[in-house]
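>
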Amino acid sequence: MAVSPVLVIKVLDNTSVKVRVRLRDDFSEHVIVLNSILTYYWANDLPPAVKFLELLESVIKRTINEVMPHKNLNLKYEVIADNELEKASSLEINIIEVETDDVGFKLDGAQIVLNNLSKSIDEDKKEFSKTFDKNIETPDIVLKRYQEMID
Numbered sequence: 139m140a141v142s143p144v145l146v147i148k149v150l151d152n153t154s155v156k157v158r159v160r161l162r163d164d165f166s167e168h169v170i171v172l173n174s175i176l177t178y179y180w181a182n183d184l185p186p187a188v189k190f191l192e193l194l195e196s197v198i199k200r201t202i203n204e205v206m207p208h209k210n211l212n213l214k215y216e217v218i219a220d221n222e223l224e225k226a227s228s229l230e231i232n233i234i235e236v237e238t239d240d241v242g243f244k245l246d247g248a249q250i251v252l253n254n255l256s257k258s259i260d261e262d263k264k265e266f267s268k269t270f271d272k273n274i275e276t277p278d279i280v281l282k283r284y285q286e287m288i289d
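Each residue of the sequence shown is one higher than the last, beginning at 139 in this note's numbering.
1) When we look at the beta-carbon of Ser-227 and count the other beta-carbons within 10 Å, is it buried (16 or more) or exposed?
2) When you compare only the Cα positions, how much space is there between Asn-254 and Val-144?
3) Could you tell me whether the stretch 202 to 213 touches the stretch 170 to 186, using the rule of 3 or more Cβ pairs below 8 Å?
4) Just to confirm the assignment: which complete beta strand (DSSP E) runs, minimum length 3, are found wholly within the stretch 169 to 230?
5) Have a look at Leu-245, Asn-182, Arg-200 and Leu-176 and flag the residue whose alpha-carbon is nearest the alpha-carbon of Lys-148.
6) To the nearest angstrom, how far is it from the Cα of Ile-274 to the Cα of Glu-192?
7) Can you give me the C-alpha to C-alpha distance between Thr-177 and Asn-152, rounded to a whole angstrom?
8) By the DSSP assignment, the beta strand (DSSP E) with Leu-161 in it spans what residues?
9) Nearest to Phe-243 by CA position, among Ile-202, Val-197 and Lys-225, is which residue?
10) Tell me, please, whether the stretch 262 to 279 touches the stretch 157 to 170 by the rule of three or more beta-carbon pairs shorter than 8 Å.
11) Can you have a look at Leu-150 and say buried or exposed, based on whether 16 or more other CB atoms are within 10 angstroms of its CB?
12) Let's see if you can read the secondary structure: which residues bound the beta strand (DSSP E) around Asp-278?
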């Protein structure tokens, strides 16, 4: 019987987001420290919700690659925000499906809720809801490096 890999995503005390991948006895884990990244986004006038989503995708891909090197990551998730993403202060991310090179993942803790992302208050809020279905490819040179780490 084949063992499915597991992707675990947890928010820890509203201060960090932990991303962990486990396959049998192998695992990889990365933590996104929210205070640090939010401070960076605010200081550089970057949209926190948009940039956090980009970072989360990258961290998921990297964490999986460290356990299971792969060419393609299919990541499907729903985002609900209190405003359009560029101005959002609250964000809910529901991971729906994760698949690498046709290998599906079991999901544990697939919901992330973040608040106080934006320092500014926008009175004209337009609630945002969208499902993203992304295919993120690993460049060949990077894939080769991850495969060398495993071997």
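Yeah, the Cβ is synthetic: ideal placement off N, Cα and C, and Gly gets one too. Values in this document were obtained by computation on a predicted structure and should not be read as measured data.
In short:
1) Buried is the call here.
2) Per the coordinates, the alpha-carbon of Asn-254 lies some 29 Å from the alpha-carbon of Val-144.
3) At 8 Å Cβ cutoff, the stretches do not touch.
4) Complete beta strand (DSSP E) runs here, min 3: 210 to 219.
5) For the residues Leu-245, Asn-182, Arg-200 and Leu-176, the minimum Cα distance to Lys-148 belongs to Leu-245.
6) In a straight line, the C-alpha of Ile-274 is about 11 Å away from that of Glu-192.
7) Each residue's alpha carbon lies about 15 Å from the other.
8) Counting along the chain, the beta strand (DSSP E) containing Leu-161 begins and ends at 154 to 161.
9) Ranked by how close their Cα comes to the Cα of Phe-243, the residues Ile-202, Val-197 and Lys-225 have Ile-202 in first place.
10) Judged by Cβ distances under 8 Å, the stretch 262 to 279 makes no contact with the stretch 157 to 170, as fewer than three pairs qualify.
11) Answer is exposed; the Cβ neighbour count stays below 16.
12) Asp-278: not part of any beta strand (DSSP E); member of the alpha helix (DSSP H) spanning 278 to 288, first to last residue.
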